[in-house]
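K.L.:
2 protein chains.
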Amino acid sequence: MEEKLITPRKLQGFWELMPREQRCFSSLLAKIEDVFKTNCFVPLDTPVLEYSEVLLAKSGGETDKEVYRFTKGSTDMCMRYDFTVPLARFVSMHKDELSFPFKRYQIGKVYRGEKPQKGRYREFYQCDADIIGNGELSFVADAECIRLLEKCFEALNLDVEVRVSSRKILTGYIEEIGKTNVMTDILIVLDKLDKLPAEESARQLKELGLTEKEQKNITSLIQTTGQIDDVIQKLSKLSKNATFVEGLENLKEVDGYLKQMGSKNVIYDLSIIRGHNYYTSIVFEGFFAGRKDMGAIAGGGRFDNLCGYFTDKKMPGVGMSVGITRLFSHLMQENYFDLEDQNEIDCAVINFDETLGQSLALVEDLRKCGVNAEIFYENKTFKSKMKEANRRQVKYVVIVGEDEVKSKRYMLKNMQTSEQSQMTLEEIVNVIKK
Amino acid sequence: MEEKLITPRKLQGFWELMPREQRCFSSLLAKIEDVFKTNCFVPLDTPVLEYSEVLLAKSGGETDKEVYRFTKGSTDMCMRYDFTVPLARFVSMHKDELSFPFKRYQIGKVYRGEKPQKGRYREFYQCDADIIGNGELSFVADAECIRLLEKCFEALNLDVEVRVSSRKILTGYIEEIGKTNVMTDILIVLDKLDKLPAEESARQLKELGLTEKEQKNITSLIQTTGQIDDVIQKLSKLSKNATFVEGLENLKEVDGYLKQMGSKNVIYDLSIIRGHNYYTSIVFEGFFAGRKDMGAIAGGGRFDNLCGYFTDKKMPGVGMSVGITRLFSHLMQENYFDLEDQNEIDCAVINFDETLGQSLALVEDLRKCGVNAEIFYENKTFKSKMKEANRRQVKYVVIVGEDEVKSKRYMLKNMQTSEQSQMTLEEIVNVIKK
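Top to bottom, those sequences are chains A and B. Residue numbering for the first sequence follows my numbering, beginning at 1 and increasing consecutively. Residue numbering for the second sequence follows my numbering, beginning at 1001 and increasing consecutively.
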């Protein structure tokens, strides 16, 4: 009864690494997690699935077409598309048990059924850290998240620049010119300013009712970039609107904290808007230093009321997120990782038929000493075992013949230099760990 | 425009820990991952979603009602319910690039829409390690997986016993008595022997056509337990069937390797069958020592042909899996973890209004030295900051007044002993890290 074979296929747009790449990726995650921990963020690991009612609260239960949504039995559920809504759900459920400001991180996979394209995946990792306040939240928290972004990149030895703005400056100006009713539309046009031809964005702004002067002003506003004093000097004359002024003051305050915290890579840049409309104040994005053209690889901002769909309590928050899947792809291209350094085997024990038992014991002894030792029990001859060690780029082999078993001194061979000499277990461990 | 609030709810049967518990759980995972790495298993992180055709290959595309299956666009997909089928899919796709025996581990969440009940979750973690051969696979691999199970528990300082059998002994005996046609039914009855009254299982075996003598023999066979020589002595007279004899020989061979590997916790126990019908030879389960009644907390076995649905190539495998979610729940009940030791804050910096800036800088300096330092910027008064440090069970606080800023000697207070003295940053780090 021959069964028909099924073609083994992975879903399109789903990420899967080969083992050595996986080891590199895991090392990135571990370094970022360390930064989060040192900065006193606590881990959270919410479920991948949530009630659709909860996850889609913002859109009144409407499904965004990107979301993986389905029913099982009578339960309508979704796979998470970010960590922010699950965080809001968690904080709302446990607000009486948590300490505020609640600083949590979450590292894991999120799901978006977008059209797969270069650098975009349907399942991908996110590294998020957020600070949630109860009632109010100092701008120290914003500085902390910006500094945290810098620290993640410092931990990876990567040069970063963080571009910071406050949405209040823009929204204040739009209020001032009496265009509050088309606020979101204007922000959408402005967010795409560097992707559209100048005439096209001018046309769209005109259509939204902006005069030529207003267009010019708002375009000049959004092109403002520099150190804090330059930005404030340039902008403070533009408007006396209270929101606008508050935005500038918030930037100034955050900059003060950042300087105390030792931040050196911040640039103020009014073009930073960030698509998500839940941001209400400070927003920021991280770029490879001098490479804004490559797009942001991390970002974040402040939202005035994280849990508004779930509770009457006002809970402002500020958070940052590293697009780790995208970052990893880029680092792979740049040969950031030494793949040869990712060998899972530190040392192979090469046995003869008659020394299999003692060799198994030696492998265990090496592992007990923290050496990732392996034995090639599928390769039958000495020659094929040595060939396997070569093929797998193992740096050290330990050869175990009957004499070695008797003397408890084994032949350690460095496969790169071909040097070899007889040593005790302890000596072998010292050489390999060096 | 007041919006209606949505009740924040988590899906029933989905696991979610509070931060301190999460830190404990992560520490378990990290210890097990370390064991896998030291034993030269490589990491794999397959997608949570797979094509239904692939994931349900075994059942010819039929959905088991436990599986989360849905379509998006025209794609029919499932959430993984274990790591074994995704492993088979991965190995079949990449068999020409991988080194065999291919030793991989995967730690992550799997999904089963079972009725939620105590200790059973719909989303739970599994820690799997498997060894896949290309064509053939030595019984050294079985010993390695059994030993690996022991090592996971050794790493957690838990006493374990591993009960080992070979399904060939049972299936050989069933062949011998001419009941091959009802093999699976007999195995199902035998697998539940300790859950059913003796008369009930006798009745079921009779119904399957076993004579009273055969019932007695098979019940006695399955109750055989002990060290290898006792088991072989007791059973070798029972049958000359080739499969039966092979099963006994396999056990003997595995036992030899296990002894060389330093295993001390293995008991041979013919009642170990394991439900999954893909196991074909060696099977084993791990229990808390002396607590078989509590049920297995880990297990595994050998399957003759892992990838049979995807490729003509014969790929035998042997694997083990730790039911980490269940293990964790048990350890929590037993107060295995010191939750007070899970504080995310090593040290709180207590500032006055006028020293906020310098205190932020000091927090950064402490973090740079690897101390998880925190500052309570939401608490306005000195008193409320100290209260917060107490409430959060912080062990050390550093008090930063203007004099301290000038002298760069800060007041370190041990909150448990109330001892305090002025110290430099370096001295503070040394005390806290001690």
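All C-beta atoms, glycine included, are put in the ideal place defined by N, C-alpha and C. This structure is a prediction, so every number in the text was calculated from the model and none was measured.
Quick one, are the C-beta atoms of A/Cys145 and A/Val266 less than 7 Å apart?
P.N.:
On the first sequence, residue 145 of chain A is found 145 positions in, with the first residue counted as 1. On the first sequence, residue 266 of chain A is found 266 positions in, with the first residue counted as 1. Going by C-beta atoms, A/Cys145 is not nearer than 7 Å to A/Val266.
K.L.:
Just the Cα atoms here: how many angstroms apart are B/Val1042 and A/Ala289?
P.N.:
Mapped onto the second sequence, residue 1042 of chain B falls at position 42. Mapped onto the first sequence, residue 289 of chain A falls at position 289. Rounded to the nearest whole angstrom, the C-alpha separation of B/Val1042 and A/Ala289 is 34 Å.
K.L.:
Is the Cβ of B/Phe1014 closer than 7 Å to any Cβ of chain A?
P.N.:
For the purposes of this step, residue 1014 of chain B is taken as the residue at position 14 of the second sequence. Yes, B/Phe1014 lies at the interface with chain A (some Cβ there is under 7 Å from its Cβ).
K.L.:
For chain B, find out if any of its Cβ atoms is closer than 7 Å to the Cβ of A/Ser263; answer yes or no.
P.N.:
Position 263 of the first sequence, counted from the first residue, corresponds to residue 263 of chain A. No, because no Cβ of chain B sits closer than 7 Å to the Cβ of A/Ser263.
K.L.:
So does the region 1314-1334 of chain B actually touch the region 1133-1151 of chain B, counting three or more Cβ pairs closer than 8 Å?
P.N.:
Using a C-beta cut-off of 8 Å, the region 1314-1334 of chain B makes contact with the region 1133-1151 of chain B, since at least three inter-stretch Cβ pairs fall below that distance.
K.L.:
If A/Ser271 sits next to A/Leu193, beta carbons under 8 Å apart, how far is it from one beta carbon to the other, in whole angstroms?
P.N.:
To locate residue 271 of chain A, count along the first sequence from 1; it is residue 271. To locate residue 193 of chain A, count along the first sequence from 1; it is residue 193. Going by Cβ atoms, the distance from A/Ser271 to A/Leu193 rounds to 7 Å, so yes, they are a contact pair.
K.L.:
Using a Cβ-Cβ cut-off of 7 Å, state whether B/Ser1165 counts as contacting chain A.
P.N.:
For the purposes of this step, residue 1165 of chain B is taken as the residue at position 165 of the second sequence. Chain A, which has no Cβ nearer than 7 Å to the Cβ of B/Ser1165, makes this no.
K.L.:
Please tell me whether A/Ile432 has its Cβ less than 7 Å away from any Cβ of chain B.
P.N.:
As a working note, residue 432 of chain A is residue 432 in the first sequence. No, its Cβ sits nowhere closer than 7 Å to a Cβ of chain B.
K.L.:
Please classify A/Met294: is it buried, with 16 or more other beta-carbons within 10 angstroms of its beta-carbon, or exposed?
P.N.:
To locate residue 294 of chain A, count along the first sequence from 1; it is residue 294. Label assigned to A/Met294: exposed.
K.L.:
Quick check on A/Ala57: does DSSP put it in helix, strand or coil?
P.N.:
Start at 1 with the first residue of the first sequence, and residue 57 of chain A comes out as number 57. The answer is helix: DSSP assigns A/Ala57 an H, G or I state.
K.L.:
May I ask you to list, following chain order, the residues of the region 1188-1208 of chain B that have a beta carbon less than 8 Å from some beta carbon of chain A?
P.N.:
none
K.L.:
Counting only C-beta atoms, is A/Lys72 closer than 7 Å to chain B at any point?
P.N.:
Taking the first residue of the first sequence as 1, we reach residue 72 of chain A at position 72. Taking Cβ atoms only, chain B reaches closer than 7 Å to A/Lys72, which makes this a yes.
K.L.:
Quick one: Cα of A/Lys179 to Cα of A/Tyr81, how far?
P.N.:
Residue mapping note: residue 179 of chain A aligns to position 179 of the first sequence, counting from 1. Residue mapping note: residue 81 of chain A aligns to position 81 of the first sequence, counting from 1. Near 32 Å, if we compare the C-alpha coordinates of A/Tyr81 and A/Lys179.
K.L.:
Given a cut-off of 7 Å on the beta-carbon distance, is the pair B/Ser1281 and B/Lys1095 in contact?
P.N.:
In the second sequence, counting from the first residue as 1, residue 1281 of chain B sits at position 281. In the second sequence, counting from the first residue as 1, residue 1095 of chain B sits at position 95. Taking 7 Å as the Cβ cut-off, B/Ser1281 and B/Lys1095 do not qualify as a contacting pair.
K.L.:
Rounded to a whole number of angstroms, what is the C-alpha to C-alpha distance between A/Phe139 and A/Glu364?
P.N.:
Translated into positions along the first sequence, residue 139 of chain A becomes position 139. Translated into positions along the first sequence, residue 364 of chain A becomes position 364. In this structure, the CA atom of A/Phe139 is about 54 Å from the CA atom of A/Glu364.
K.L.:
Please confirm whether any heavy atom of the ligand ADP lies closer than 6 Å to the CB of A/Leu149.
P.N.:
Judged by which ligands are present, the structure shown has none, so any question about the ligand ADP falls away.
K.L.:
In three-state DSSP terms, what is B/Thr1243?
P.N.:
Here the question's residue 1243 of chain B lines up with position 243 in the second sequence. B/Thr1243: helix per DSSP, three-state reduction.
K.L.:
Could you check how far apart the C-beta atoms of A/Leu210 and A/Ile218 are, in whole angstroms? I think they sit under 8 Å.
P.N.:
Indexing the first sequence from 1 puts residue 210 of chain A at position 210. Indexing the first sequence from 1 puts residue 218 of chain A at position 218. 7 Å between Cβ atoms; contact.
K.L.:
When the Cα of A/Glu246 is compared with those of A/Gly172, A/Val371, A/Gly301, A/Ala296, which residue comes out closest?
P.N.:
For this step, residue 246 of chain A is matched to residue 246 along the first sequence. Among A/Gly172, A/Val371, A/Gly301, A/Ala296, the Cα nearest to that of A/Glu246 belongs to A/Gly172.
K.L.:
Please report the residue range of the alpha helix (DSSP H) in which B/Ala1198 lies.
P.N.:
If you number the second sequence from 1, residue 1198 of chain B lands on position 198. Its alpha helix (DSSP H) spans residues 1198-1207.
K.L.:
Strictly under 7 Å for the Cβ-Cβ distance: is A/Pro116 near chain B by that measure?
P.N.:
For the purposes of this step, residue 116 of chain A is taken as the residue at position 116 of the first sequence. No - not a single Cβ of chain B is within 7 Å of the one on A/Pro116.
K.L.:
Skipping 5 residues on each side, what residues in its chain have a beta carbon closer than 7 Å to that of B/Tyr1068?
P.N.:
Here the question's residue 1068 of chain B lines up with position 68 in the second sequence. For B/Tyr1068, the CB contacts under 7 Å within the same chain, skipping 5 residues up- and downstream, are Cys1078, Met1079, Tyr1111, Gly1113 in chain order.
K.L.:
So A/Met320 and A/Leu149 are supposed to be a Cβ contact under 8 Å. How far apart are they, rounded?
P.N.:
For the purposes of this step, residue 320 of chain A is taken as residue 320 along the first sequence, with counting starting at 1. For the purposes of this step, residue 149 of chain A is taken as residue 149 along the first sequence, with counting starting at 1. Contact between A/Met320 and A/Leu149 is confirmed by a C-beta separation of about 5 Å, below the 8 Å threshold.
K.L.:
Across the region 150-169 of chain A and the region 254-265 of chain A, are there enough close Cβ pairs to call them in contact, namely three or more that are closer than 8 Å?
P.N.:
yes
K.L.:
What residue range does the alpha helix (DSSP H) around A/Thr435 cover?
P.N.:
The structure shown has nothing for residue 435 of chain A, since chain A only spans 1 to 434.
K.L.:
List in chain order: all unbroken beta strand (DSSP E) runs of 3+ residues lying wholly within the region 8-43 of chain A.
P.N.:
none
K.L.:
In the DSSP assignment, find the alpha helix (DSSP H) that holds B/Asn1390 and state where it starts and stops.
P.N.:
Here residue 1390 of chain B corresponds to residue number 390 of the second sequence, with the count starting at 1. It spans 1382-1391 - the alpha helix (DSSP H) in which B/Asn1390 sits, taken as one unbroken run.
K.L.:
In the DSSP assignment, find the unbroken beta strand (DSSP E) run with A/Arg302 in it and report its ends.
P.N.:
Along the first sequence, read from residue 1 onward, the residue named residue 302 of chain A stands at position 302. Segment 298-303, the beta strand (DSSP E) holding A/Arg302.
K.L.:
Beta-carbon separation of A/Ala155 and A/Val35 under 7 Å?
P.N.:
Within the first sequence, residue 155 of chain A is the residue found at index 155, counting from 1. Within the first sequence, residue 35 of chain A is the residue found at index 35, counting from 1. If you check the CB distance, A/Ala155 and A/Val35 come in under 7 Å.
K.L.:
In terms of residue numbering, what span does the alpha helix (DSSP H) encompassing A/Thr417 cover?
P.N.:
Reading the first sequence from its first residue, position 417 is the one you call residue 417 of chain A. No alpha helix (DSSP H) holds A/Thr417; DSSP gives it neither H nor E.
K.L.:
Skipping 5 residues on each side, what residues in its chain have a beta carbon closer than 8 Å to that of B/Glu1016?
P.N.:
In the second sequence, the residue the question calls residue 1016 of chain B occupies position 16. The answer, listed in chain order, is Lys1010.
K.L.:
Can you find the residues in the same chain that come closer than 8 Å, C-beta to C-beta, to B/Leu1258, ignoring five residues on each side of it along the sequence?
P.N.:
On the second sequence, position 258 is the one that residue 1258 of chain B refers to. So the list reads Ala1143, Ile1146, Arg1147, Val1266, once near-sequence residues are dropped.
K.L.:
With DSSP run on the structure shown, which of helix, strand or coil describes A/Leu270?
P.N.:
Here residue 270 of chain A is taken as the residue at index 270 of the first sequence, counted from 1. In this structure, A/Leu270 counts as coil in the three-state DSSP scheme.
K.L.:
Span of the alpha helix (DSSP H) holding A/Arg89?
P.N.:
In the first sequence, residue 89 of chain A corresponds to position 89, counting from 1. Unbroken alpha helix (DSSP H) run through A/Arg89: 84-94.
K.L.:
Roughly how many whole angstroms lie between the Cα atoms of A/Ala348 and A/Val394?
P.N.:
For the purposes of this step, residue 348 of chain A is identified with residue 348 of the first sequence, where counting begins at 1. For the purposes of this step, residue 394 of chain A is identified with residue 394 of the first sequence, where counting begins at 1. Looking at the two C-alpha atoms, the distance is approximately 7 Å.
K.L.:
Tell me, to the nearest whole angstrom, how far the beta carbon of B/Phe1337 is from that of B/Ala1088; I am working on the premise that it is less than 8 Å.
P.N.:
Against the second sequence, residue 1337 of chain B aligns to sequence position 337. Against the second sequence, residue 1088 of chain B aligns to sequence position 88. Actually they do not touch by this definition, with Cβ atoms about 36 Å apart.
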